[in-house]
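Please read the structure below before turning to the comments.
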Amino acid sequence: MLKLVKARRTIRFFEQKPVPEEVLRHMIDGARVTSCAGNMQQLRYVVVTTPDTAEQVFAQTAWAAMVRPKRNPEWGKNAAPAYIAVLGPSDAAPIIHADAGAAIQSMQLIAEANGLGSCWLGAIQREPLRKILQVSPAQQVMYLLAVGYPAEKPTSEDVSAGTSLRYYLDDQDVLHVPKLALTDVARWC
40 MLKLVKARRT IRFFEQKPVP EEVLRHMIDG ARVTSCAGNM QQLRYVVVTT
90 PDTAEQVFAQ TAWAAMVRPK RNPEWGKNAA PAYIAVLGPS DAAPIIHADA
140 GAAIQSMQLI AEANGLGSCW LGAIQREPLR KILQVSPAQQ VMYLLAVGYP
190 AEKPTSEDVS AGTSLRYYLD DQDVLHVPKL ALTDVARWC
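Quick note, the numbering used here runs 39 ahead of the 1-based positions in the sequence shown.
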């Protein structure tokens, strides 16, 4: 499992081919049974695969500010063909974001295990998305997960505390994502 977690990287460029519905169903099924606060099971999901709706959803997203514009996908060229909107009650307690994070991580790992890439998006236009996805006012669009076959291979590398954590592109246009070393983030007592 650790190998899968370490292999999973955020993908921002995708191949332009459909995502199998069966894999999307597995992703939602995994999210559905993921731990959540008080077993309240408040999250809901909207799966977007139709090209016209996916294009509208894509238009409400922002990508990779640190390497803009080189890692900003373009619709019809390298944008994700599928999106999963994560919804929660509009009046939910803040813990709902922990529930969403756990569910999204489950979906990302299932995607990775099936040869797909994903990008968890929080920089989104929530009100337009509510209208596009026909979400009731009782629900909020919390996050999007972009899903598709990867068209890039980002890499992570361990760095020590005090080193820059800004991700960057090298001369071959490969995205590098620094991660603090285990010894810098945890201690045992």
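Every residue, glycine too, gets a C-beta built ideally from N, C-alpha and C.
Predicted model only: the values in this text are computed from it and were never measured.
- In the DSSP annotation of this structure, the continuous segment of the beta strand (DSSP E) that includes R83 starts and ends at R83 to V87.
- When beta bridges are read from the DSSP output, P189 appears opposite F53.
- A direct Cα-Cα distance of roughly 32 angstroms separates L214 from I171.
- Note: Y207 is bridge-paired with H215 in the DSSP secondary-structure output.
- Partner residues in the beta bridge of G156, as assigned by DSSP, are G187.
- Between S145 and A70 the beta-carbon gap is near 5 angstroms, inside 8 angstroms, which marks them as a contact.
- M79 sits in coil when the DSSP states are folded into three classes, being neither helix nor strand.
- If you ignore the 5 residues before and after M181, its C-beta comes within less than 6 angstroms of the C-beta of V125, G127 and A139, all in its own chain and listed in chain order.
- A Cβ-Cβ separation of about 7 angstroms places V96 in contact with L168 under the 8 angstroms criterion.
- The criterion of a C-beta distance shorter than 8 angstroms is not satisfied by R64 and Q147.
- Nearest in C-alpha terms to A93, of all of N78, A104 and A121, is A121.
- Shown here, T92 sits in a helix according to DSSP, grouped into three states.
- Per DSSP, the unbroken beta strand (DSSP E) holding A121 starts and ends at A121 to P128.
- Residue range L41 to A46 is occupied by the alpha helix (DSSP H) that includes V44.
- I134 sits in coil when the DSSP states are folded into three classes, being neither helix nor strand.
- Distance from the CA atom of T222 to the CA atom of S199, rounded to whole angstroms, is 9 angstroms.
- Across the structure, Q55 and C228 are spaced so that their CA atoms are roughly 49 angstroms apart.
- Here the region 187-198 does not lie against the region 98-107, with fewer than 3 beta-carbon pairs under 8 angstroms apart.
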